[in-house]
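To keep things clear, I will list the structure first and then write my remarks on it.
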Amino acid sequence: MTNQAHQGDLEINPSPLLAFLNELHSQYKSVREGAVAKYIPELAKVNPDLFSICIVTVDGQVYKVGDWEQMFTIQSISKVFAYGLALEDHGLDYVLTRVGVEPTGDAFNAIILDEQSKRPYNPMVNAGAIATTSLIKGSGPTERLNRMLDMFQRYIGRDVFVDISVFTSERSTGHRNRAMAHLMLNFGMIDRNIEESLDLYFQQCAVMVNCQDLAVMAATLANRGINPITKERAVDKRYIKDILSVMYTCGMYNFAGEWAYKIGIPAKSGICGGIIAVVPNKMGIGVFSPLLDVRGNSVRGVKVCEELSQRLGLHLFDCSG
Ligand code: GLN
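Sequential numbering of the sequence shown, starting at 670, is according to the working numbering.
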């Protein structure tokens, strides 16, 4: 079932949740704080006014407001799903030997590595995500990319594509990520062909989604790995708790602690301006607004999720209701 709101739609579709999303959308669309990401040249072209909110419940109800059809590249939100694929490819014990699960308290692109344990800190920051992507199995770049795309297709429920302009834009300017990959190679933290792994990482970041896709992907995680619309399994259910735990502690970078404290649900942001948030056994939330704060999280996205958490009582540890 689809509930879609446009201005003045509420009498036709009086769903209270949809009315609430509409109210949040009008309340926060005037917020102009923040700036769009510019360090990947193609991303600087995005319209900063775009704004959409979408909720998908585990029983497949879809609630969406604003520019939910607008396509954008998934960026760091992909890290969650690539981690799931690496866990399926190798199992938790091995993956833990390659990538830790400690929050860094630092920026997403910080050049810091745990030299003692010979691992990047966690799979939600760039260094850890590049190491995670280097674990994806396949006989060569094409097979590895196809396995990655198949995985995204299971979560989203349709064919997915890489935005070639964004991919090449990041590949030709991503010197910082390339430097991190070389450092990790130097420390023996990654061992495959790093150019191939960096390409795959840049491609996974350039997978095109819309806000509804984000909510469906989050709802799939909320629904123990089964896409609530297509009913297809996207990831082995035994890894859901590992994925959600690392999202909870590390998904919002150096805002992760405050996010966990105030909003209290596993989430992941990306410099595209997207945020996914997962309410286990209930719903997935997707928000898209490209204006970012200094930590690289969507300004309106954080505000909307905070309000949703408070008003719908979503904080995982809230016992007051
Ligand atoms: N592709 C981006 C990068 O590696 C993703 C960063 C992000 O979304 N925070 O820098």
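Even glycine gets a Cβ: it sits at the ideal position worked out from N, Cα and C.
For residue i, the residue or residues it bridges with in DSSP
| i | result |
| --- | --- |
| GLY953 | VAL725 and VAL947 |
| ASP783 | ARG788 |
| ASN770 | The amino acid at residue 770 is misidentified as Asn; the sequence shows Val. According to DSSP, which records beta bridges pairwise, VAL770 is partnered with nothing at all. |
| SER989 | According to DSSP, SER989 bridges with nothing at all. |
| VAL876 | VAL831 |
| ILE895 | ARG902 |
| SER967 | LEU961 |
Per-residue DSSP class, three states only, for residue i
| i | result |
| --- | --- |
| ASP882 | helix |
| ASP758 | helix |
| THR742 | strand |
| LYS937 | strand |
| VAL973 | helix |
| ILE799 | helix |
| LEU679 | Unreliable positioning characterises LEU679 in this predicted model, as indicated by a pLDDT of 40, which lies under 50. A coordinate reading is not provided. |
| SER808 | coil |
| SER866 | helix |
| ALA706 | coil |
| SER684 | coil |
| ALA850 | helix |
| ASP718 | coil |
| LEU983 | coil |
| PHE777 | coil |
| ASP911 | helix |
| MET916 | helix |
| ARG861 | coil |
| ILE932 | coil |
| MET820 | helix |
| PHE871 | helix |
| SER838 | helix |
| PHE689 | helix |
| SER978 | helix |
| LYS698 | coil |
| PHE750 | helix |
| PHE924 | helix |
| VAL764 | helix |
Neighbour-count burial assignment, residue i, 16 or more Cβ in a 10 Å radius
| i | result |
| --- | --- |
| ILE768 | Reading off the sequence, residue 768 comes out as Val, not Ile. Answer is buried; the Cβ neighbour count reaches 16. |
| VAL749 | buried |
| ALA713 | exposed |
| LEU761 | exposed |
| LYS806 | exposed |
| GLY943 | buried |
| PHE957 | buried |
| ARG969 | buried |
| GLU702 | exposed |
| HIS694 | buried |
| LYS900 | exposed |
| ASN966 | buried |
| LYS707 | exposed |
| GLN785 | exposed |
| THR991 | The chain is shown from 670 up to 990; residue 991 falls before or after that span and cannot be answered. |
| THR837 | exposed |
| ALA798 | buried |
| CYS988 | exposed |
| ASP860 | exposed |
| ALA922 | According to the sequence as given, residue 922 is Tyr; it is not Ala. Counting Cβ neighbours within 10 Å, TYR922 comes out buried, since at least 16 surround it. |
Assumed close pair residue i, residue j - CB separation to whole angstroms, cut-off 8 Å
| i | j | result |
| --- | --- | --- |
| GLN873 | ALA751 | 6 Å |
| THR802 | LEU869 | 5 Å |
| ILE954 | ALA884 | 6 Å |
| ALA776 | MET853 | No, ALA776 and MET853 are not in contact; Cβ-Cβ is about 17 Å, not under 8 Å. |
| ILE825 | ASP882 | 5 Å |
| ASP905 | GLU757 | 5 Å |
| ILE898 | GLY729 | 5 Å |
| ILE934 | ALA946 | 5 Å |
| LEU818 | VAL835 | No, LEU818 and VAL835 are not in contact; Cβ-Cβ is about 15 Å, not under 8 Å. |
| ASN791 | VAL915 | 6 Å |
| VAL973 | TYR697 | 6 Å |
| VAL715 | ASN892 | Between ASN892 and VAL715 the Cβ distance is about 30 Å, and since that is not below 8 Å, they are no contact. |
| MET793 | VAL878 | That belief does not hold up - the Cβ atoms of MET793 and VAL878 are roughly 18 Å apart, past 8 Å. |
| ALA929 | TYR917 | 6 Å |
| PHE978 | ILE932 | Note on residue identity: the sequence assigns Ser, not Phe, to residue 978. Rounded, the Cβ-Cβ distance is 5 Å, consistent with contact. |
| SER938 | SER745 | 7 Å |
Near the ligand COA: residue i beta-carbon under 7 Å from a heavy atom
| i | result |
| --- | --- |
| ASP832 | In the structure shown, the ligand COA is absent; the only ligands present are the ligand GLN. |
Any chain D beta carbon closer than 8 Å to residue i
| i | result |
| --- | --- |
| VAL749 | Although the question refers to chain D, the structure presented lacks it and comprises just one protein chain. |
- Query: Listed in chain order, which residues are found with a beta carbon closer than 6 Å to a heavy atom of the ligand GLN?
  - Reply: GLN744, SER745, PHE777, ASN778, ASN795, GLU839, ASN846, CYS874, GLY939, ILE940 and GLY965
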